[in-house]
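> Residue numbers for the sequence shown follow the numbering used here, so the first one is 377 and each next one is one higher.
Cβ atoms here follow ideal geometry from the backbone N, Cα and C, with glycine treated the same way.
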Amino acid sequence: MNPTPNPFDPSVRAFDEHLGVQLSVIVPTFNEIDNIEEIIARVRIVLKSVRWEIIFVDDDSPDGTAAKVKAIAQSDPQVRCIHRIGRRGLSSACIEGMMSSSANFLAVMDGDLQHDEALLSTMLEVISQEDVDLVVGTRYMEGGGVGDWDKTRQTSSRLATQLSQKFLGVHLKDPMSGFFMIKRKAFESCVGHLSSMGFKILLDIVASAPRPLVFKEVAFQFRERLAGESKLDQRVIWDYFLLLIDKKLGSHIPASLISFGIIGSMGVLVHLSILGLCLDALGLMFTSAQICAVLGAMIFNFYLNNVLTYRDQKLSGFDFYIGLIKFVLTCSVGAVANVGVASFIYKGYGYWVFSGLAGILVGVIWNYVATSLIVWPKKRKNHQSP
Ligand code: GDD
Ligand code: MN
Numbered sequence: 377m378n379p380t381p382n383p384f385d386p387s388v389r390a391f392d393e394h395l396g397v398q399l400s401v402i403v404p405t406f407n408e409i410d411n412i413e414e415i416i417a418r419v420r421i422v423l424k425s426v427r428w429e430i431i432f433v434d435d436d437s438p439d440g441t442a443a444k445v446k447a448i449a450q451s452d453p454q455v456r457c458i459h460r461i462g463r464r465g466l467s468s469a470c471i472e473g474m475m476s477s478s479a480n481f482l483a484v485m486d487g488d489l490q491h492d493e494a495l496l497s498t499m500l501e502v503i504s505q506e507d508v509d510l511v512v513g514t515r516y517m518e519g520g521g522v523g524d525w526d527k528t529r530q531t532s533s534r535l536a537t538q539l540s541q542k543f544l545g546v547h548l549k550d551p552m553s554g555f556f557m558i559k560r561k562a563f564e565s566c567v568g569h570l571s572s573m574g575f576k577i578l579l580d581i582v583a584s585a586p587r588p589l590v591f592k593e594v595a596f597q598f599r600e601r602l603a604g605e606s607k608l609d610q611r612v613i614w615d616y617f618l619l620l621i622d623k624k625l626g627s628h629i630p631a632s633l634i635s636f637g638i639i640g641s642m643g644v645l646v647h648l649s650i651l652g653l654c655l656d657a658l659g660l661m662f663t664s665a666q667i668c669a670v671l672g673a674m675i676f677n678f679y680l681n682n683v684l685t686y687r688d689q690k691l692s693g694f695d696f697y698i699g700l701i702k703f704v705l706t707c708s709v710g711a712v713a714n715v716g717v718a719s720f721i722y723k724g725y726g727y728w729v730f731s732g733l734a735g736i737l738v739g740v741i742w743n744y745v746a747t748s749l750i751v752w753p754k755k756r757k758n759h760q761s762p
């Protein structure tokens, strides 16, 4: 027997303890305390004849968003809170929210009312009555729009959209949208392949699906944020490129290793620039110039990995300097291993390119593994008082 024959059946009560939920609305939150009540009130109006629940997935927001949601949930069983500790990330929050649901239909919507909640009922109508896996709220079609975004944000959103369409072959008009509804079965077929990083959960799902998802797009106007501020920053661009690479490489290599490797390659350029500068402009002896270059490249690598690769465990204040010292010491061991392995292979086989590359590979892997354990160990707690 199908427990959800028609979500719009007027005889269906919005909440009935004897019947399962038809639609779970997943709302990722970080510092959205002042938007919670309004969003619940609006969803309740839109979904009045549907058995729905709303699941806030909060990453231990310092403003106390999780406590607020739990207080409401005490007297409202349609409201739930997943309170994550020591974690950050919009995509991973959405995934955890969706995985916690047993409803046939799952919606993802931002927690700042920029997404038009009225569309939830249209989406549910389409997904429950038509043969589609996914309904996407789209800003880039007739009737949709991005409100009063500045030129830079409009251009970068368009560029990112075109890149994913060309690079990953995604046919959605708005793959960057964070507003969509998907059948639970379709989501579960993708979940084992997701990269789960960054902000672009819809793109991740569509690009990870083992068979192409059948989708329909509906237009919406991206509104002004109700309260609070955006968490989108420059680092989202880095995460986006990592997502593209990760999807292209088939997830064989951890994204953090890719990030570490790219920063390391840029570090080589920094090294050579400093070396050239010290030799030509400052007239230093080669050894002194090389020492300056090694230190400069290490500081560059440490700084960028701290803000990009390990942004969730970012070290600041006094910890930043302790981390830098640990990083330099750990990478020095990596350099010794690099030279040792390269010399060993060179002595045995004599191919200098191969020996050099083998040394680099061992050095990079050592640096990556050792620094992730010693310099940026995973935090158990990140709770801060409001
Ligand atoms: N749990 C959790 N963890 N939630 C987060 C995190 C996080 O690390 N970062 C952001 N959020 C929540 C916010 O609280 C908000 O509810 C939602 O995710 C979107 O974040 P915003 O900071 O409001 O993002 P935006 O409005 O700038 O970007 C939106 O539009 C983009 C389209 O241009 C998002 O929907 C993006 O996904 C979308 O690509
Ligand atoms: Mn927003």
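Count the other C-beta atoms from every protein chain shown that fall within 10 angstroms of the C-beta of G513, then say buried if there are 16 or more, exposed otherwise.
Locating residue 513 in the sequence shown gives position 137, where the first residue counts as 1. With 16 or more other Cβ atoms within 10 Å, it is buried.
> What number of angstroms, rounded off, separates the C-alpha of H459 from the C-alpha of S437?
Locating residue 459 in the sequence shown gives position 83, counting from the first residue. Locating residue 437 in the sequence shown gives position 61, counting from the first residue. Approximately 9 Å, taken between the alpha carbons.
> Going along the chain, which residues of its own chain have a beta-carbon closer than 6 Å to the beta-carbon of K607, five neighbours each way excluded?
Start at 1 with the first residue of the sequence shown, and residue 607 comes out as number 231. Within the same chain, K607 has close Cβ partners F406.
> Any heavy atom of the ligand MN closer than 7 Å to the CB of R601?
Looking up residue 601 in the sequence shown gives position 225. Yes, the Cβ of R601 comes within 7 Å of a heavy atom of the ligand MN.
> Along the chain, where does the alpha helix (DSSP H) that runs through V429 open and close?
Here residue 429 is taken as the residue at index 53 of the sequence shown, counted from 1. In the sequence on display, residue 429 carries Glu and not Val. Segment 428-434 is the beta strand (DSSP E) holding E429; no alpha helix (DSSP H) there.
> Determine, using beta-carbon pairs with one atom in the segment 554-565 and one in the segment 522-532, whether at least three such pairs fall under 8 Å.
Verdict: no, contact absent.
> If I'm right that V511 touches F591 with Cβ under 8 Å, what's the distance once you round it to whole angstroms?
By one-based count along the sequence shown, residue 511 stands at place 135. By one-based count along the sequence shown, residue 591 stands at place 215. About 7 Å separates the two Cβ atoms, so the contact holds.
> Which residue marks the beginning of the alpha helix (DSSP H) containing K446, and which one marks its end?
On the sequence shown, position 70 is the one that residue 446 refers to. Run containing K446: 441-449, per the alpha helix (DSSP H) assignment.
> Ignoring anything shorter than 3 residues, give me the beta strand (DSSP E) runs that lie fully in the segment 506-530, in order along the chain.
If we require 3 residues or more, the beta strand (DSSP E) runs fully inside the segment 506-530 come out as 510-514.
> Only counting the same chain, and skipping five residues up and downstream in sequence, which positions put a Cβ closer than 7 Å to that of M582?
Translated into positions along the sequence shown, residue 582 becomes position 206. The question names Met, yet the displayed sequence has Val at residue 582. Cβ neighbours of V582 beyond the five flanking positions: V546, L548, P551, L589.
> Identify whether L671 lies in helix, strand or coil by the three-state DSSP scheme.
The residue labelled residue 671 in the question sits at position 295 within the sequence shown. Helix at L671.
> Let me know if F662 comes out buried or exposed under the rule of 16 or more other beta-carbons within 10 Å of its beta-carbon.
Stepping through the sequence shown from its first residue, residue 662 is reached at position 286. Classification of F662: exposed, given that the 10 Å Cβ count is below 16.
> Identify, in the order they occur along the chain, each residue of the same chain with its Cβ nearer than 6 Å to the Cβ of Y686, setting aside the five sequence neighbours on each side.
Here the question's residue 686 lines up with position 310 in the sequence shown. Closer than 6 Å at Cβ, skipping near neighbours: W752.
> For the ligand GDD, is there any heavy atom lying closer than 7 Å to the beta carbon of Q490?
On the sequence shown, residue 490 is found 114 positions in, with the first residue counted as 1. It does: the Cβ of Q490 is within 7 Å (strictly closer) of some heavy atom of the ligand GDD.
> Give the DSSP-derived three-state secondary structure of F555 in the structure shown.
Sequence index remark: in the sequence shown, residue 555 carries index 179 (1-based). In the structure shown, F555 sits in coil (DSSP, three-state: anything other than H, G, I, E or B).
> List the residues that DSSP assigns as beta-bridge partners of A595.
The sequence position of residue 595 within the sequence shown is 219, counting from 1. The partner list for A595 (beta bridge, DSSP) reads T514.
> What do you get for Q454, buried or exposed, if any count of 16 or more other CB atoms within 10 angstroms of its CB means buried?
Indexing the sequence shown from 1 puts residue 454 at position 78. Result: buried.
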